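Novice: Quick one: the structure is below, and I'll ask about it shortly.
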Amino acid sequence: MPISLFSIILFGSLTLFLALMAVLVFLGKVPLRYNLRNLVVRWPITLLTGMAFILVIGLMTVMLAFVNGLYQLTQGSGQPGNVMVLADGATDELFSNLGASDITQLASRDDIVRDEDGHKLVSWETYVVVNQPIANAVKGGRQRRFLQVRGMQDPVLSGRVHNLPLHEGGAWFSEVQELPDGTQAIQAVLGEGMAREMGKDRNKASLEPNDVFDLGPRKWVVTGVLKSSGSTFDSEIWAKQSRVGEMFGKPAYTTVVLRSADAGTAKTVAEDLTKNYKTPAVSAQTEKDYFEKLNNTNAQFLYSVIFIVIIMAIGGVFGVMNAMFAAVSQRTKDIGVLRILGYTPLQVLMSFFLESLLLAVLGGLLGIAIGSLCHGFTASSIAGSGAGGGKSVVLKLVVDQYILATGLGFALVMGALGGLIPALSAMRLKPLESLR
Amino acid sequence: MDIVKSLLMWTFALCLAGAAVAVPLIMGLPYVDDLFTRLLIIGVAVAVAVLLVVAFHQALFFHIRFVLKSLLRNLLRSSLTAAATMLLVFVVTCVWTVLWFLHAVTSEKSKDLKAIVTEKWQIPSQMPFSYGNTLADGGARQPGDAKPQDSMNWQFYGGSLIQDAAQRNRENIVFFFGMDPKKFLTMMDGIDEFTQSEIDQIKKYADEMVKDKRKVVIGVERLKALHKQVGDKIKVYSFNYKDVDLEFEIIGALPKGRYALSAVMNCQYLNDAVNEDYPRTHSGKKHEMAEKSLNLVWLRVPDTKTYEKVAGQVETAFANSTPSVKCETASSGVASFLDAYRDLLWGMEWIFSPIALVSMAVVIATAISISVRERRTEMAILKVLGFGPWRIMTLVLGEALLLGALSGMISVGLTYLIVNVYIGGIPFPIAFFPAFRIPIYALAWGPMIGAGTALVGSIVPALSARAVKVSEVFSKVA
Numbered sequence: 022m023p024i025s026l027f028s029i030i031l032f033g034s035l036t037l038f039l040a041l042m043a044v045l046v047f048l049g050k051v052p053l054r055y056n057l058r059n060l061v062v063r064w065p066i067t068l069l070t071g072m073a074f075i076l077v078i079g080l081m082t083v084m085l086a087f088v089n090g091l092y093q094l095t096q097g098s099g100q101p102g103n104v105m106v107l108a109d110g111a112t113d114e115l116f117s118n119l120g121a122s123d124i125t126q127l128a129s130r131d132d133i134v135r136d137e138d139g140h141k142l143v144s145w146e147t148y149v150v151v152n153q154p155i156a157n158a159v160k161g162g163r164q165r166r167f168l169q170v171r172g173m174q175d176p177v178l179s180g181r182v183h184n185l186p187l188h189e190g191g192a193w194f195s196e197v198q199e200l201p202d203g204t205q206a207i208q209a210v211l212g213e214g215m216a217r218e219m220g221k222d223r224n225k226a227s228l229e230p231n232d233v234f235d236l237g238p239r240k241w242v243v244t245g246v247l248k249s250s251g252s253t254f255d256s257e258i259w260a261k262q263s264r265v266g267e268m269f270g271k272p273a274y275t276t277v278v279l280r281s282a283d284a285g286t287a288k289t290v291a292e293d294l295t296k297n298y299k300t301p302a303v304s305a306q307t308e309k310d311y312f313e314k315l316n317n318t319n320a321q322f323l324y325s326v327i328f329i330v331i332i333m334a335i336g337g338v339f340g341v342m343n344a345m346f347a348a349v350s351q352r353t354k355d356i357g358v359l360r361i362l363g364y365t366p367l368q369v370l371m372s373f374f375l376e377s378l379l380l381a382v383l384g385g386l387l388g389i390a391i392g393s394l395c396h397g398f399t400a401s402s403i404a405g406s407g408a409g410g411g412k413s414v415v416l417k418l419v420v421d422q423y424i425l426a427t428g429l430g431f432a433l434v435m436g437a438l439g440g441l442i443p444a445l446s447a448m449r450l451k452p453l454e455s456l457r
Numbered sequence: 002m003d004i005v006k007s008l009l010m011w012t013f014a015l016c017l018a019g020a021a022v023a024v025p026l027i028m029g030l031p032y033v034d035d036l037f038t039r040l041l042i043i044g045v046a047v048a049v050a051v052l053l054v055v056a057f058h059q060a061l062f063f064h065i066r067f068v069l070k071s072l073l074r075n076l077l078r079s080s081l082t083a084a085a086t087m088l089l090v091f092v093v094t095c096v097w098t099v100l101w102f103l104h105a106v107t108s109e110k111s112k113d114l115k116a117i118v119t120e121k122w123q124i125p126s127q128m129p130f131s132y133g134n135t136l137a138d139g140g141a142r143q144p145g146d147a148k149p150q151d152s153m154n155w156q157f158y159g160g161s162l163i164q165d166a167a168q169r170n171r172e173n174i175v176f177f178f179g180m181d182p183k184k185f186l187t188m189m190d191g192i193d194e195f196t197q198s199e200i201d202q203i204k205k206y207a208d209e210m211v212k213d214k215r216k217v218v219i220g221v222e223r224l225k226a227l228h229k230q231v232g233d234k235i236k237v238y239s240f241n242y243k244d245v246d247l248e249f250e251i252i253g254a255l256p257k258g259r260y261a262l263s264a265v266m267n268c269q270y271l272n273d274a275v276n277e278d279y280p281r282t283h284s285g286k287k288h289e290m291a292e293k294s295l296n297l298v299w300l301r302v303p304d305t306k307t308y309e310k311v312a313g314q315v316e317t318a319f320a321n322s323t324p325s326v327k328c329e330t331a332s333s334g335v336a337s338f339l340d341a342y343r344d345l346l347w348g349m350e351w352i353f354s355p356i357a358l359v360s361m362a363v364v365i366a367t368a369i370s371i372s373v374r375e376r377r378t379e380m381a382i383l384k385v386l387g388f389g390p391w392r393i394m395t396l397v398l399g400e401a402l403l404l405g406a407l408s409g410m411i412s413v414g415l416t417y418l419i420v421n422v423y424i425g426g427i428p429f430p431i432a433f434f435p436a437f438r439i440p441i442y443a444l445a446w447g448p449m450i451g452a453g454t455a456l457v458g459s460i461v462p463a464l465s466a467r468a469v470k471v472s473e474v475f476s477k478v479a
């Protein structure tokens with residue numbers, strides 16, 4: 022687990038909060054059993070108040086899991102040693118246009134790593150987005166989808182550059198393959214997410230080798246499925262560059278990916294290419310940096326989630342306040358008795374404050390548990406830099422320790438805010454007046 | 002004093018009945034085109050409202066007075082419940098606004114619809130500019146062929162104010178719709194959201210842009226992000242038209258709302274730069290985008306029948322061309338772009354909205370449950386005084402309904418005002434929609450959401466109030 026300032030603050034404040042609760046319980050000599058009994062006796066109100074925590078924290082967990090999934094997807098994409106070369110000025114592969122004849126010198130660098138067969142690890146690619154009429158589309162429903170197609174000059178080498186092997190039973194593509202009816206179909210491999218998505222058209226869990234689909238004016242046949250889960254390549258279709266470029270009017274390469282020894286070398290290579298390669302000028306960056314920039318959309322979603330959760334939490338806090346104020350007013354006489362028995366006003370305050378926190382912990386934990394059920398579910402979204410382009414991605418919702426800690430911390434803050442003012446009002450009650 | 006009280010009660014009762022009838026009116030009227038039917042609906046609604054008040058004013062007066070007194074008895078609790086409801090109504094209104102808008106733009110229309118013509122397979126669509134003339138006529142070749150009522154070409158020109166590609170980001174990037182400036186008011190969507198003065202201003206901008214092709218208008222939010230203002234001159238280093246870097250003068254800002262992040266330029270400027278200036282400065286060489294500069298053509302057609310004819314004509318006219326084209330309704334085109342967001346939108350509709358509504362019901366249920374629990378003796382006394390169980394139940398329900406409906410109404414009113422007037426829409430960019438303005442119908446959502454969730458949340462406490470047993474309560478008191 023990487024130690025960052027965020028994790029230190031998050032886990033530090035959570036530990037502090039829980040420690041404070043423990044101190045209040047053990048040193049404050051609070052009548053905790055009385056509070057627990059009260060929660061049980063007034064179970065309908067306890068249940069309703071707890072529900073507010075469960076719903077808000079559960080929803081927050083799901084929404085954060087979605088954003089976290091997007092972040093992990095973009096962070097999991099790209100190899101540390103890879104350098105991505107686009108046309109000068111292009112902010113995304115979609116807008117890049119590298120003249121085929123002018124860029125061959127890119128591969129002549131000595132700092133490009135070779136594979137065991139002695140081939141330089143360079144991937145020459147043409148990336149296009151294509152719209153596909155959905156097979157068996159329901160009338161009135163969506164009729165088309167956008168597919169990301171990547172034409173590869175040498176698919177085996179490209180697979181190595183991107184570190185994406187095929188699932189068992191699959192094979193890399195060549196050009197075309199004759200189908201049983203005599204039709205010539207273009208061979209392609211699919212990302213796992215794309216295979217699942219297109220499988221829905223045929224009521225299958227996923228497309229498999231030898232399955233045929235329509236795209237553009239031709240039939241395509243699946244030769245394999247990439248082990249691409251957790252990367253943006255999961256939502257792509259790979260085929261021969263010569264076929265893709267010709268069919269979709271993009272004969273030139275859009276992207277060249279070079280594999281260098283490590284992340285440090287990749288950075289040096291990228292800087293050198295951007296600065297010194299002028300035939301024609303190119304824009305090079307490490308693949309990790311490219312995918313890092315796609316986090317812009319994630320940030321937008323994250324801010325929206327934070328805003329919505331805060332608003333909902335404030336609503337929840339008001340609900341908790343209601344319940345706690347009612348608890349105080351219904352137990353005025355109890356408070357009087359406690360005071361006469363020798364409990365100090367501070368202990369009374371702690372008692373009610375802890376009751377609220379206890380409710381928050383229970384509700385929060387349940388909310389987190391229910392919200393965590395979404396872990397591993399898949400969803401589609403867009404990852405983009407905000408500078409045009411962007412990629413359709415299939416992501417997995419991820420609930421991690423940060424989300425769990427944030428959920429619990431948020432519940433505690435809600436409980437503290439909702440319980441403090443009623444607890445203060447309980448503390449200020451005078452014993453004799455409350456018994457009257 | 003009694004007269005004042007009576008007047009207040011009458012006003013309140015009338016408002017309540019009026020609101021009860023206004024909600025279906027606001028929700029229903031936009032879907033009725035015929036003026037006579039509209040007037041008829043309004044007339045019947047008003048008549049029903051008056052009849053309701055006249056027929057039930059005695060009972061209403063009593064109920065309202067009782068309910069108000071009960072709510073005011075614990076002002077803190079009522080205020081907290083109202084505040085929670087208002088916040089949750091605000092969140093639900095925002096989410097429903099986004100969903101409502103996206104549903105509206107992806108719903109097929111039968112009259113006055115728009116069609117989009119794009120390259121058949123590739124995104125972004127890149128067609129030769131020469132396609133424009135044929136497409137503007139809807140591919141009509143024979144005398145009897147259908148023609149669109151209006152058309153608009155879009156050419157996308159994107160670039161940055163900074164030449165260094167490595168430093169390009171949202172704060173220095175701008176995308177222009179290259180188009181005939183005069184078409185902005187006749188063909189763009191959402192013009193009805195503009196005020197008359199904004200429309201007049203845009204007309205002036207369009208005239209100036211036609212006279213001087215370097216003049217542009219940029220959305221107010223994009224201007225802010227670029228740290229530029231009206232009157233500034235900018236140079237844009239393009240990333241989709243390599244080596245076609247253009248200088249512009251910003252003559253106006255598009256108002257808050259749908260076009261707050263957009264920018265519009267005269268397409269003539271781009272075409273001259275690509276087709277004339279570039280070859281002149283590059284030894285006669287054609288620009289690589291010269292035959293790919295037309296991105297999209299919008300066609301306005303009066304009805305579905307004409308659309309189908311025009312779509313057929315367009316696709317036939319370019320069947321053997323490279324690239325071939327496709328013609329689809331605007332709603333279908335937008336739906337394709339939104340496809341990538343479908344899980345997110347599904348989650349907003351089927352996970353987020355229900356949970357927010359249930360949260361609201363829970364908050365109200367908590368408050369009403371506490372209230373009923375505290376007033377069991379009072380309920381028993383009411384029973385002794387002759388109140389039937391159902392009447393007690395309606396009193397409890399009335400409290401919740403009034404609180405929920407009023408909180409919802411205030412919340413949605415404030416949300417409408419703040420979001421639409423001050424912020425210019427909910428800033429949640431999805432696909433090419435930068436912000437979402439709250440529709441006028443949303444004013445009906447607030448009271449409906451508030452009252453609906455209050456009703457659900459208060460049913461169990463109301464039933465418990467109904468079931469209060471006089472003997473049990475008084476035996477405990479004794």
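Chains as they are written, first to last, in the working numbering: chain P, 22 to 457; chain D, 2 to 479. Heads up, the beta-carbon is just placed ideally off N, CA and C, and yes, glycines get one too. As the structure is a prediction and not an experimental result, all values here were calculated from the model.
Could you check what DSSP says for residue 419(P) in three-state terms: helix, strand or coil?
Specialist: Correct three-state label for residue 419(P): coil.
Novice: Identify the continuous alpha helix (DSSP H) that holds residue 1(D) and give its terminal residues.
Specialist: Residue 1(D) is absent from the structure shown; chain D starts at 2 and stops at 479.
Novice: Could you check where the alpha helix (DSSP H) with residue 448(D) kicks off and where it finishes?
Specialist: Its alpha helix (DSSP H) spans residues 443–467.
Novice: Can you tell me which of the three DSSP states residue 22(P) falls into?
Specialist: Note on residue 22(P): pLDDT 43, under 50, position unreliable in the model; no value is reported.
Novice: Cutting at 6 Å between CB atoms, please list the residues of its own chain near residue 452(P), excluding the five before and the five after it.
Specialist: These residues qualify, in order along the chain: 357, 360 and 361.
Novice: Would you say residue 164(P) lies against chain D (beta-carbon separation less than 8 Å)?
Specialist: At least one chain D Cβ lies under 8 Å of residue 164(P).
Novice: Looking at the secondary structure, which residues open and close the beta strand (DSSP E) in which residue 301(D) lies?
Specialist: Residues 297–304.
Novice: Are residue 203(D) and residue 224(D) close, meaning C-beta to C-beta below 8 Å?
Specialist: No, the pair does not count as a contact, with Cβ atoms beyond the cut-off.
Novice: Using the beta-carbon of each residue, which ones in chain P are nearer than 7 Å to residue 241(D)?
Specialist: The answer, in chain order, is 116.
Novice: Of all the CB atoms in chain P, is at least one closer than 8 Å to the CB of residue 401(D)?
Specialist: Judged by the 8 Å Cβ criterion, residue 401(D) is not in contact with chain P.
Novice: Put residue 242(P) into one of helix, strand or coil per three-state DSSP.
Specialist: Strand, per DSSP.
Novice: Report the start-end ranges of each alpha helix (DSSP H) in the region 153–208 of chain D that is 4 residues or longer and not cut off at the edges.
Specialist: Runs of the alpha helix (DSSP H) inside the region 153–208 of chain D: 184–188.
Novice: Going straight from the alpha carbon of residue 352(D) to that of residue 351(P), what length do you get?
Specialist: Approximately 36 Å between the Cα atoms of the pair.
Novice: Residue 94(D) CB to nearest chain P CB: under 8 Å?
Specialist: No, because no Cβ of chain P sits closer than 8 Å to the Cβ of residue 94(D).
Novice: Count the other CB atoms, across all protein chains shown, that sit within 10 Å of the CB of residue 328(P); report buried if there are 16 or more and exposed otherwise.
Specialist: Result: exposed.
Novice: Are residue 42(P) and residue 378(P) closer than 8 Å when you measure CB to CB?
Specialist: Yes. Within cutoff.
Novice: Can you give me the start and stop residues for the alpha helix (DSSP H) that residue 101(D) sits inside?
Specialist: Where residue 101(D) is concerned, the enclosing alpha helix (DSSP H) stretches over 76–107.
Novice: Just checking my contact of residue 74(P) with residue 426(P) at CB under 8 Å: how many whole Å lie between their CB atoms?
Specialist: At roughly 16 Å, the Cβ-Cβ gap does not stay under 8 Å, so residue 74(P) and residue 426(P) are not in contact.
Novice: Going by the DSSP bridge assignment, what does residue 103(P) pair with across the sheet?
Specialist: 280(P).
Novice: Would you tell me roughly how many angstroms separate the C-alpha atoms of residue 151(D) and residue 166(P), rounded to the nearest one?
Specialist: If you take the alpha carbons of residue 151(D) and residue 166(P), they lie about 28 Å apart.
Novice: Under 8 Å, do residue 314(D) and residue 141(D) count as touching if we go by C-beta distance?
Specialist: Yes.
Novice: Identify whether residue 331(P) lies in helix, strand or coil by the three-state DSSP scheme.
Specialist: Reduced to three states, the DSSP call for residue 331(P) is helix.
Novice: Note down, in chain order, each residue of its chain lying with its Cβ closer than 8 Å to the Cβ of residue 148(D), except the 5 sequence neighbours on either side.
Specialist: 138, 139, 141 and 311.
Novice: Taking Cβ-Cβ distances below 9 Å as the criterion, which residues of the region 340–351 of chain D are in contact with chain P?
Specialist: If the cut-off is 9 Å between Cβ atoms, the region 340–351 of chain D has 340, 341, 342, 343, 344, 345, 347 and 348 near chain P.
Novice: Distance, Cα to Cα, residue 383(D) vs residue 452(D)?
Specialist: Looking at the two C-alpha atoms, the distance is approximately 25 Å.
Novice: Can you find a C-beta in chain D that's less than 8 Å from the C-beta of residue 69(P)?
Specialist: It does: the Cβ of residue 69(P) has a partner Cβ on chain D nearer than 8 Å.
Novice: Whole angstroms are fine: how far does the CA of residue 304(P) sit from the CA of residue 280(D)?
Specialist: Approximately 24 Å between the Cα atoms of the pair.
Novice: Any idea if residue 288(D) is buried or exposed, counting beta-carbon neighbours within 10 angstroms, 16 or more meaning buried?
Specialist: Flag for residue 288(D) reads buried.
Novice: Could you tell me if residue 154(D) is buried or exposed, where buried requires 16 or more neighbouring beta carbons within 10 angstroms of its beta carbon?
Specialist: Buried, by the Cβ-count rule.
Novice: Put residue 353(P) into one of helix, strand or coil per three-state DSSP.
Specialist: The answer is helix: DSSP assigns residue 353(P) an H, G or I state.
Novice: Could you tell me whether any Cβ in chain P is nearer than 8 Å to the Cβ of residue 377(D)?
Specialist: No, its Cβ sits nowhere closer than 8 Å to a Cβ of chain P.
Novice: At the level of alpha carbons, what is the spacing between residue 94(P) and residue 98(D)?
Specialist: Between residue 94(P) and residue 98(D), the C-alpha separation is close to 29 Å.
Novice: How far does the alpha helix (DSSP H) with residue 344(D) in it reach, from first residue to last?
Specialist: Note, residue 344(D): alpha helix (DSSP H), 343–348.
Novice: Let me confirm a value: residue 108(D) is counted as buried when at least 16 other C-beta atoms fall within 10 Å, else exposed. Which label applies?
Specialist: It is exposed - the Cβ of residue 108(D) has fewer than 16 other Cβ atoms within 10 Å.
Novice: How would you label residue 457(P), buried or exposed, when you count the other beta carbons within 10 angstroms and need 16 or more for buried?
Specialist: Burial call: exposed.
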